[in-house]
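**Q** Residue numbers (my numbering), protein chains in the order written: chain Y, 34 to 189; chain D, 34 to 189; chain Z, 34 to 189; chain B, 34 to 189.
C-beta atoms are modelled at their ideal positions from N, C-alpha and C, and glycine is treated no differently.
Quick one: the structure is below, questions incoming.
There are 4 protein chains.
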Amino acid sequence: MVSPINPKDWLLLKHIVRFGDIDAAGVIHFHHLLRWSHEAWEESLQIYGLKAIDVFPSSVDIHHYIDIALPIVHCEADFMAPICIADELEIQLAPLKVDAGCFQVKYAFKRDERLVAHSLIKHRAINGESRYPCDLPEDIHRWLEASSIGQGVSSL
Amino acid sequence: MVSPINPKDWLLLKHIVRFGDIDAAGVIHFHHLLRWSHEAWEESLQIYGLKAIDVFPSSVDIHHYIDIALPIVHCEADFMAPICIADELEIQLAPLKVDAGCFQVKYAFKRDERLVAHSLIKHRAINGESRYPCDLPEDIHRWLEASSIGQGVSSL
Amino acid sequence: MVSPINPKDWLLLKHIVRFGDIDAAGVIHFHHLLRWSHEAWEESLQIYGLKAIDVFPSSVDIHHYIDIALPIVHCEADFMAPICIADELEIQLAPLKVDAGCFQVKYAFKRDERLVAHSLIKHRAINGESRYPCDLPEDIHRWLEASSIGQGVSSL
Amino acid sequence: MVSPINPKDWLLLKHIVRFGDIDAAGVIHFHHLLRWSHEAWEESLQIYGLKAIDVFPSSVDIHHYIDIALPIVHCEADFMAPICIADELEIQLAPLKVDAGCFQVKYAFKRDERLVAHSLIKHRAINGESRYPCDLPEDIHRWLEASSIGQGVSSL
Numbered sequence: 034m035v036s037p038i039n040p041k042d043w044l045l046l047k048h049i050v051r052f053g054d055i056d057a058a059g060v061i062h063f064h065h066l067l068r069w070s071h072e073a074w075e076e077s078l079q080i081y082g083l084k085a086i087d088v089f090p091s092s093v094d095i096h097h098y099i100d101i102a103l104p105i106v107h108c109e110a111d112f113m114a115p116i117c118i119a120d121e122l123e124i125q126l127a128p129l130k131v132d133a134g135c136f137q138v139k140y141a142f143k144r145d146e147r148l149v150a151h152s153l154i155k156h157r158a159i160n161g162e163s164r165y166p167c168d169l170p171e172d173i174h175r176w177l178e179a180s181s182i183g184q185g186v187s188s189l
Numbered sequence: 034m035v036s037p038i039n040p041k042d043w044l045l046l047k048h049i050v051r052f053g054d055i056d057a058a059g060v061i062h063f064h065h066l067l068r069w070s071h072e073a074w075e076e077s078l079q080i081y082g083l084k085a086i087d088v089f090p091s092s093v094d095i096h097h098y099i100d101i102a103l104p105i106v107h108c109e110a111d112f113m114a115p116i117c118i119a120d121e122l123e124i125q126l127a128p129l130k131v132d133a134g135c136f137q138v139k140y141a142f143k144r145d146e147r148l149v150a151h152s153l154i155k156h157r158a159i160n161g162e163s164r165y166p167c168d169l170p171e172d173i174h175r176w177l178e179a180s181s182i183g184q185g186v187s188s189l
Numbered sequence: 034m035v036s037p038i039n040p041k042d043w044l045l046l047k048h049i050v051r052f053g054d055i056d057a058a059g060v061i062h063f064h065h066l067l068r069w070s071h072e073a074w075e076e077s078l079q080i081y082g083l084k085a086i087d088v089f090p091s092s093v094d095i096h097h098y099i100d101i102a103l104p105i106v107h108c109e110a111d112f113m114a115p116i117c118i119a120d121e122l123e124i125q126l127a128p129l130k131v132d133a134g135c136f137q138v139k140y141a142f143k144r145d146e147r148l149v150a151h152s153l154i155k156h157r158a159i160n161g162e163s164r165y166p167c168d169l170p171e172d173i174h175r176w177l178e179a180s181s182i183g184q185g186v187s188s189l
Numbered sequence: 034m035v036s037p038i039n040p041k042d043w044l045l046l047k048h049i050v051r052f053g054d055i056d057a058a059g060v061i062h063f064h065h066l067l068r069w070s071h072e073a074w075e076e077s078l079q080i081y082g083l084k085a086i087d088v089f090p091s092s093v094d095i096h097h098y099i100d101i102a103l104p105i106v107h108c109e110a111d112f113m114a115p116i117c118i119a120d121e122l123e124i125q126l127a128p129l130k131v132d133a134g135c136f137q138v139k140y141a142f143k144r145d146e147r148l149v150a151h152s153l154i155k156h157r158a159i160n161g162e163s164r165y166p167c168d169l170p171e172d173i174h175r176w177l178e179a180s181s182i183g184q185g186v187s188s189l
């Protein structure tokens with residue numbers, strides 16, 4: 034779980050590193066950074082005002098069928114400095130619409146103003162049934178627009 | 034992933050501990066044992082001859098709808114000795130039908146003949162749509178019967 | 034990551050369920066509940082005023098050697114109701130000193146006042162080098178005492 | 034856990050996708066691919082003949098201190114086709130020495146001869162205590178040399 038720093042800013046979040054994320058070398062086991070990135074994206078959508086049930090598939094509520102899926106087609110991460118237990122990380126999100134059916138989010142992880150890692154996750158919209166590419170859902174489109182205009186509250 | 038020791042024995046499996054399972058104390062981060070247990074159960078069903086697509090829900094193949102889900106209602110684990118990187122663990126499964134709609138599997142983890150941990154996972158069958166309790170699926174019932182008769186090949 | 038509901042109450046925390054915690058059956062993949070429990074424990078210690086670096090081993094800062102480790106000897110969980118994406122769960126911790134070298138924490142997970150799952154994790158203190166049992170560290174002892182007196186702020 | 038296809042070939046491995054790796058969209062939750070990649074690397078070193086205890090830090094055996102750590106400085110993954118439960122994936126490793134203190138491994142994931150995903154993980158050698166860059170350990174150097182000459186048994 035990632036939590037907001039300012040409840041009105043959907044692009045600046047916080048994550049505290051926990052024991053289970055650290056490996057026997059005493060630093061983050063690398064792929065957890067991508068888990069935190071995805072959780073930060075979910076947190077961002079929620080703060081902006083979107084409901085998870087409108088964005089993510091859920092086989093429990095069959096009356097709430099999502100017809101557009103947003104599978105990840107690419108992800109990457111770079112590590113600049115050791116990330117250790119109890120580190121309080123600030124996560125700055127930079128979303129970008131790539132084309133009508135594709136968007137990416139860059140995540141910068143800072144500790145005490147210093148960049149310790151960054152990541153990027155790219156999603157492509159597909160029809161959930163046919164699995165053919167399609168346009169981004171309206172909700173995601175609005176979040177991308179709002180994010181690019183104001184870059185969240187953080188840039189004000 | 035868990036792999037078979039004897040390709041005909043669905044109740045005796047093997048797991049090698051990897052770096053990402055170990056925390057900064059140098060031993061297994063506890064909840065991974067329950068992940069290994071579930072993977073061992075899946076491996077067991079596969080060796081016995083069941084197909085995952087007939088047992089587990091999958092929202093990708095909508096023509097292959099599973100009407101009975103097997104959610105976990107209880108799990109537990111005990112740790113007797115440190116489990117470290119590269120440990121080759123033998124996993125012995127002991128499945129048991131609890132009642133018409135419920136079964137459990139005990140997992141004993143041994144290293145060099147010594148018990149280092151054990152776990153237990155209990156599943157209850159429910160109708161995937163109504164979420165009401167129901168009888169176990171026929172496939173699981175057969176696997177339970179075969180496992181209790183011979184306790185796999187391992188008891189021969 | 035788990036976050037506080039009231040920054041002065043170290044026994045009542047919050048967790049929002051994210052997409053990666055949910056499996057193809059549309060509900061929590063069971064063992065994540067134990068990860069959340071451990072993270073809630075870490076969050077509790079932090080709110081109470083303890084530093085992770087004084088409790089958890091870290092091979093990065095070799096000048097900060099922890100001589101007492103607190104390995105988990107038992108864990109368990111029960112699931113009463115489906116836990117789904119975006120669920121806001123309240124986590125109530127009930128720590129208990131079992132004996133001079135052992136303590137446990139019960140975790141109750143509620144959604145809208147309803148208990149949906151609970152878990153229990155039991156730790157035993159050992160000397161980090163000899164791995165022989167020893168008394169609980171002073172910090173943990175204080176946290177246990179304070180928690181049992183007031184049950185955190187939540188019981189006031 | 035990843036297992037060998039041919040016990041003499043340290044660059045061609047196998048992974049079977051399990052239920053816990055699949056999210057509510059019915060396909061792999063993306064970051065697990067990077068976990069499998071790291072596990073495949075560990076399996077490769079083991080088949081080649083290296084001991085984990087000589088490569089990875091372990092705070093349990095303090096007499097076996099590793100003075101060179103191999104932190105990951107970059108990772109990435111691309112997803113070409115849905116990866117589903119029970120998929121049997123072939124993993125082909127392509128290790129490359131980048132410079133005296135740095136190496137990378139490319140991982141190609143195939144199902145029925147078709148590339149479904151690939152990943153890349155880059156490691157840099159550092160002195161475990163000073164955390165300054167240093168040369169790769171001799172063991173890793175040998176594994177890189179052997180892998181580049183024969184590309185494992187798989188290229189024969």
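With 8 Å set as the bound, which would you pick, yes or no: does the beta-carbon of V24/Z sit closer than that to a beta-carbon of chain Y?
**A** In this structure chain Z extends from 34 to 189, so residue 24/Z is not present and cannot be described.
**Q** Enumerate in chain order the residues of its own chain whose CB-to-CB distance from I49/Y is below 8 Å, with the five nearest sequence positions on each side excluded.
**A** A119, D120, E121, L122, listed in sequence order.
**Q** What residues in the segment 45 to 74 of chain Y bring their beta carbon closer than 7 Å to a beta carbon of chain D?
**A** F52, G53, I55, D56, A57, G59, H62
**Q** Using a Cβ cut-off of 9 Å, pull out every chain D residue sitting near I118/Y, in sequence order please.
**A** A57, listed in chain order.
**Q** Below 8 Å CB to CB, which residues in the same chain sit around P104/B once its five sequence neighbours on both sides are set aside?
**A** H156, R157, I159
**Q** Please decide whether D111/Z counts as near chain D, where near means a Cβ-Cβ distance under 8 Å.
**A** yes
**Q** Among A57/D, H64/D, A73/D, whose alpha-carbon lies nearest the alpha-carbon of I38/D?
**A** A73/D
**Q** Within 10 angstroms of the Cβ of E75/Z, are there 16 or more other Cβ atoms? Answer buried if so, exposed if not.
**A** buried
**Q** Using a Cβ cut-off of 8 Å (strictly closer), state whether V131/Z contacts chain D.
**A** No, V131/Z does not count as interfacial toward chain D.
**Q** What residue ranges within the segment 121 to 184 of chain D form continuous beta strand (DSSP E) runs of no fewer than 3 residues, ordered along the chain?
**A** 121 to 132, 135 to 144, 147 to 157
**Q** Would you say F89/B faces chain D, with C-beta separation under 8 Å as the test?
**A** yes
**Q** Excluding the 5 residues preceding and the 5 following S70/D in the sequence, name in chain order all residues of the same chain whose CB lies nearer than 7 Å to its CB.
**A** Y140, S152, I154
**Q** For D54/B, does the three-state DSSP call read helix, strand or coil?
**A** For D54/B, the three-state secondary structure derived from DSSP is helix.
**Q** Just the C-alpha distance for H62/D and P128/Z, rounded to the nearest angstrom, thanks.
**A** 20 Å
**Q** Applying a beta-carbon distance threshold of less than 9 Å, which residues of chain Z neighbour I38/Y?
**A** Result: empty, since nearest Cβ-Cβ is about 12 Å, beyond 9 Å.
**Q** Going by beta carbon distance, what residues of the same chain come within less than 8 Å of R147/Y, once the five residues before and after it are set aside?
**A** A114
**Q** Just curious, the alpha helix (DSSP H) that L45/Y is in, first and last residue?
**A** Segment 45 to 49 is the beta strand (DSSP E) holding L45/Y; no alpha helix (DSSP H) there.
**Q** Given a cut-off of 8 Å, decide if M34/Z and S77/Y are closer than it, judged by their beta-carbon atoms.
**A** M34/Z is positioned such that its CB atom lies no closer than 8 Å to that of S77/Y.
**Q** Are the CB atoms of S181/Y and L44/Y within a distance shorter than 8 Å?
**A** no
**Q** Mapping the DSSP letters down to three states, classify A114/D as helix, strand or coil.
**A** It is coil, neither helix nor strand.
**Q** In three-state terms, what does DSSP make of I38/Y?
**A** coil
**Q** Given that a residue counts as buried once 16 or more other Cβ atoms are within 10 Å of its Cβ, and exposed if not, what is S91/Z?
**A** Buried.
**Q** Check whether chain Y comes within 8 Å of H151/B, counting only Cβ atoms and requiring the distance to be less than that.
**A** no
**Q** Going by C-alpha distance, which of L67/Z, D54/Z, V88/Z is nearest I124/Z?
**A** L67/Z
**Q** For D56/D, count the other beta carbons within 10 Å of its own beta carbon; 16 or more makes it buried, fewer makes it exposed. Which is it?
**A** Within a 10 Å sphere around the beta-carbon of D56/D sit 16 or more other beta-carbons, which makes this residue buried.
**Q** Below 8 Å between beta carbons: does that hold for E162/Z and C108/D?
**A** Their beta carbons are not under 8 Å apart, which means E162/Z does not touch C108/D by this criterion.
**Q** Grab me the residues of V131/Z's own chain with a C-beta within less than 8 Å of its C-beta, minus the 5 sequence neighbours each way, in chain order.
**A** Q137, K155
**Q** Buried or exposed, going by whether 16 or more other CB atoms sit within 10 Å of the CB of D168/Y?
**A** Around the Cβ of D168/Y, a 10 Å sphere holds fewer than 16 other Cβ atoms; the residue is exposed.
**Q** Run through chain D and tell me which residues come within less than 9 Å of H33/Z, C-beta to C-beta.
**A** This structure gives no information on residue 33/Z, because the portion of chain Z shown stretches from 34 to 189.
**Q** In or out: W176/Z buried (at least 16 other Cβ within 10 Å) or exposed?
**A** buried
**Q** Roughly how many angstroms separate the alpha carbons of L189/Y and A102/B, rounded to a whole number?
**A** Its pLDDT being 39, under 50, L189/Y is placed unreliably in this model, and the coordinates cannot settle the point.
**Q** Is the shortest distance between the beta-carbon of P170/Z and the beta-carbons of chain D less than 8 Å?
**A** no
**Q** Sorted by chain position, which residues of the same chain lie with C-beta nearer than 6 Å to I173/Z's C-beta, five sequence neighbours on each side aside?
**A** none
**Q** By how many angstroms is the C-alpha of V149/B removed from the C-alpha of A133/D?
**A** 41 Å
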